[in-house]
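In our numbering, the protein residues as written are 9 to 124.
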């Protein structure tokens with residue numbers, strides 16, 4: 009999955025098409041993401057009394073529901089972009105002080121080629 013928590017995405021399909029928001033969480037098993045301010049649903053919550061301040065009052069709560077990851081695209085600058093990957097050579101340091109080279113995978117924007 010190319011979308012990560014904290015990314016700014018734009019909805020490209022569905023009832024909230026055109027809306028932009030920040031990814032709150034990623035559900036990898038279901039291929040879904042929860043985006044801030046997008047796909048808002050109302051849930052009925054039961055009042056739970058666990059003593060003192062611990063219980064909730066219940067009622068109707070508005071919250072974000074998950075949407076499929078194929079319905080969002082990553083925002084890059086003014087528009088949206090696809091996500092690619094590039095392998096970069098980096099030098100790492102061992103605990104004994106010696107150095108070695110390794111490869112690191114980074115996400116890049118396909119439109120601009122810049123690292124995300």
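For each residue, glycine too, the CB sits at the ideal point set by N, CA and C.
Residue 55 and residue 79 have their C-alpha atoms roughly 35 Å apart. Note: residue 118 is not bridge-paired with any residue in the DSSP secondary-structure output. As computed with DSSP, residue 39 is found in no beta bridge at all. In the assembly as shown, residue 9 is an exposed residue. Its beta-carbon has fewer than 16 other beta-carbons within 10 Å. By the beta-carbon neighbour count (other beta carbons within 10 angstroms, threshold 16), residue 18 is buried. With a minimum length of 3 residues, the unbroken runs of beta strand (DSSP E) contained wholly in the stretch 73 to 121 fall at 80 to 84, 87 to 89, 91 to 101 and 107 to 117. Under the criterion of beta carbons closer than 8 Å, residue 41 and residue 74 qualify as touching, at roughly 7 Å.
DSSP places residue 53 in the uninterrupted beta strand (DSSP E) bounded by 48 to 53. The bridge partners DSSP lists for residue 56 come to none. Residue 51 is not a Cβ neighbour of residue 65, given a cutoff of 9 Å.
By the criterion of a C-beta distance shorter than 8 Å, residue 98 is surrounded in its chain by 109, 110, 111 and 112, once the five residues flanking it on both sides are discounted. Rounded to the nearest whole angstrom, the CA to CA distance from residue 83 to residue 45 is 16 Å.
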